[in-house]
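Please read the structure below before turning to the comments.
Number of protein chains: 2
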Amino acid sequence: MNGQEEWHNSPIGVFDSGVGGLTVAREIMRQLPNERIVYFGDTARVPYGNKSRETVMKYSRQIVNFLKTQEVKAIVVACNTASAYALDELEQEVDIPIIGVVRPGARAAIEATKNGRIGVIATEATISSGIYNRYIEENDNHVRIMGKACPLFVSLVEEGLWEDPVTDEIARRYLAELIDSDIDTLILGCTHYPLIRSTVGRIMGPKVTLVNPAYETARELKELLISKGLESEHRPGLGTELYRFFVSDAADKFQRFANSILTYGILSAKVIHIDEY
Amino acid sequence: MNGQEEWHNSPIGVFDSGVGGLTVAREIMRQLPNERIVYFGDTARVPYGNKSRETVMKYSRQIVNFLKTQEVKAIVVACNTASAYALDELEQEVDIPIIGVVRPGARAAIEATKNGRIGVIATEATISSGIYNRYIEENDNHVRIMGKACPLFVSLVEEGLWEDPVTDEIARRYLAELIDSDIDTLILGCTHYPLIRSTVGRIMGPKVTLVNPAYETARELKELLISKGLESEHRPGLGTELYRFFVSDAADKFQRFANSILTYGILSAKVIHIDEY
């Protein structure tokens, strides 16, 4: 490990089952421009949403082991499924700060709601895990939460149909019962969903506040780094690789998607054998 | 290994990355009602379509090792990606008959075409592997093949939208260039696609013959078993488990999907640790 002086300047580790967590990395780039990032996307084993708790836990541990070899100073679990299934145990196991995307999203929703009715849209795994309900009820047990699984959204986003009549039609079907249930706040509970935020917002209407956990997570990470004295104070100089990307498979496809959503073009993503960690 | 007498009555091993191969198992049940089947769906590692050749090869080897512990007499690779990436090597490595879904589909398409223009719809991996082109050109080098990746079809099928305006709209977009290219034969080059066969058929029109590799594979398997003297001559008696299902994860979801497409309800699917094979 580096001395305290250099430790500041160590990167943030961010991981997801695939490309979705790039929306979280993007928010960290925006809100914490001085921080270096090491991103890992588990493209060989994506999606996590249909996998069991044990499997997601095993995969998450391997990724944390890999990120530690990169000497990260903090870890962001930029995947709702891994946040739901693995974060509590990982917190016990690692000696650096680690945060997920669920708790920041839940907190922001509680702050935003006025009528105490919060909706959550996410993958089937996140909804059936009940993780948002648990985190929200921990903080405020008067709130009512309505979850709705939207399994097609990930495929539609990855197909690039961010603004499309088909995405509109599917979103109208998924969101109908949330509109009927009179929520005033809706959590975008899957890291892909910020990319169809405008479609969801248009269908839900102006009275519903959308909560983007990617944004809230970057905000919470910033507070955490400051409180621990871990923030990087200067933008890394020329010659420092600001952002590094690793994947477990199919780097080309990852790069194409990353380049479509990140402001900075990524030069390359390196394939590693994650099951060796 | 059993003696020749019992070997007849050993099951057929069928595997896929997930649930799609059940359309192939269904055809085997229809065309070979005397045969027992051991099905493995790699639900922990689905989909294979976005994984590299090396990864698909490794996974396929593990599954073949598992199926051999079940004393199968033949193996059907009911997955286009695995057929494209792993079948040639697996044929060298195993001492029982092994067939994929690509070659039977390619053969049937060559027989069906009159104008020598064949279309293939499949996942991105199958299309970019060029495997249908290779198999078709091996047999007939005057045929022209047009491939079209349809990445959303799998999600739409798994969401149950087999007959739906959204599936119609997406299919119209994907199929437009194939209609323009004047094909007279279209291969359903992904095991999920037989479930939206009627949508595809309606859009392509009556002049285009649809080739269902699941059907052709079962037919070829039947011929193979007869030619090797391996066919089971009698329907297994009461008390024999005719069909057994194994998965690498999330058995409940697998069972729900299986029960929606198979004539016989499946009682249960057993989860195994495939990476130990």
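Here the protein sequences line up with chains B and C, keeping their order.
No gaps in the numbering here: position 13 of the first sequence is 13 in my numbering, and each next residue is one more.
Basically my numbering = 1-based index in the second sequence + 1000.
Beta carbons: idealized from backbone N, C-alpha and C, even for Gly.
Under 7 Å between the Cβ atoms of residue 1102/C and residue 1187/C? No, the pair does not count as a contact, with Cβ atoms beyond the cut-off.
Given that residue 45/B touches chain C, what residues does it touch there, using C-beta distances under 7 Å? For residue 45/B, the chain C residues whose Cβ falls inside 7 Å of its Cβ are 1045, in order along the chain.
Given residue 1034/C, which residues of its chain have a CB within under 8 Å of its CB, disregarding the five upstream and five downstream residues? Only 1231, 1232, 1233, 1234, 1235 and 1236 meet the Cβ criterion.
Spatially closest choice to residue 279/B from 126/B, 75/B, 95/B and 55/B, by CA coordinates: Outside the displayed span of chain B (1 to 277) sits residue 279/B, for which this structure offers no information.
Is any beta-carbon of chain B found at less than 7 Å from that of residue 1231/C? It does not: the Cβ of residue 1231/C has no partner Cβ on chain B nearer than 7 Å.
For residue 2/B, three-class secondary structure by DSSP: In this prediction, residue 2/B has a pLDDT of 47, which is less than 50 and means its spatial position is unreliable; nothing more can be read from the coordinates.
Roughly how many whole angstroms lie between the Cα atoms of residue 1024/C and residue 1275/C? Cα-Cα distance, rounded: 24 Å.
Return no unless some Cβ of chain B is closer than 7 Å to the Cβ of residue 1051/C. Interface residue, yes.
Once the 5 residues before and after residue 1114/C are set aside, which same chain residues still bring their CB inside 7 Å of it? Within the same chain, residue 1114/C has close Cβ partners 1184.
Compile a chain-ordered list of the residues in the segment 1237-1270 of chain C whose CB is closer than 8 Å to at least one CB of chain B. With the criterion set as a beta carbon lying under 8 Å from some beta carbon of chain B, the members of the segment 1237-1270 of chain C are 1249, 1250 and 1253, in sequence order.
With a threshold of 7 Å between beta-carbons, can residue 1022/C be considered close to chain B, or not? Judged by the 7 Å Cβ criterion, residue 1022/C is not in contact with chain B.
Go ahead and label residue 1016/C buried or exposed: buried means 16 or more other beta carbons lie within 10 angstroms of its beta carbon, across all protein chains shown. Buried, since its Cβ has 16 or more Cβ neighbours within 10 Å.
Length of the line joining the Cα atoms of residue 1226/C and residue 1133/C: C-alpha separation (whole angstroms): 29 Å.
Assign residue 1163/C to one of two classes, buried (16 or more other C-beta atoms within 10 Å of its C-beta) or exposed (fewer than that). With fewer than 16 other Cβ atoms within 10 Å, it is exposed.
Pairwise C-alpha distance: residue 220/B and residue 127/B: In a straight line, the C-alpha of residue 127/B is about 23 Å away from that of residue 220/B.
Assumed close pair residue 1019/C, residue 1041/C - CB separation to whole angstroms, cut-off 8 Å: Taking the Cβ atoms as the reference, residue 1019/C lies roughly 6 Å from residue 1041/C, within the contact range of under 8 Å.
Three or more C-beta pairs closer than 8 Å, one from the segment 1070-1085 of chain C and one from the segment 1197-1209 of chain C: is that the case here? Three or more beta-carbon pairs separated by less than 8 Å are not found between the segment 1070-1085 of chain C and the segment 1197-1209 of chain C, which leaves the two stretches without contact.
In the segment 163-196 of chain B, which residues sit with their C-beta less than 7 Å from some C-beta in chain C, listed in chain order? Those would be 166, 169 and 170, in chain order.
Measuring CA to CA, which of 131/B, 222/B and 270/B is closest to residue 97/B? The residue with the shortest Cα to Cα distance from residue 97/B is 222/B.
Beta-carbon contacts of residue 1166/C that lie in its chain and below 6 Å, excluding the five residues immediately before and after: If you ignore the 5 residues before and after residue 1166/C, its C-beta comes within less than 6 Å of no other C-beta in its own chain.
Please identify, using Cβ separations under 9 Å, the residues of the segment 197-221 of chain B that lie next to chain C, in order along the chain. Listed by position, the residues of the segment 197-221 of chain B near chain C (Cβ gap below 9 Å) amount to none.
With a CB to CB cut of under 6 Å and the five nearest residues on each side skipped, what residues in its chain are close to residue 156/B? Cβ neighbours of residue 156/B beyond the five flanking positions: 167.
Quick check: the Cα distance between residue 258/B and residue 177/B, rounded to an integer number of angstroms? So the alpha carbons of these two residues sit roughly 33 Å apart.
Taking the alpha-carbon positions, what's the residue 1148/C to residue 1070/C distance? Our two residues, residue 1148/C and residue 1070/C, have alpha carbons roughly 37 Å apart in a direct line.
Taking Cβ to Cβ, would you say residue 1118/C is nearer than 7 Å to residue 1143/C? Their beta carbons are under 7 Å apart, which means residue 1118/C touches residue 1143/C by this criterion.
According to DSSP, is residue 1064/C part of a helix, a strand, or is it coil? In the three-state reduction of the DSSP assignment, residue 1064/C falls in the helix class.
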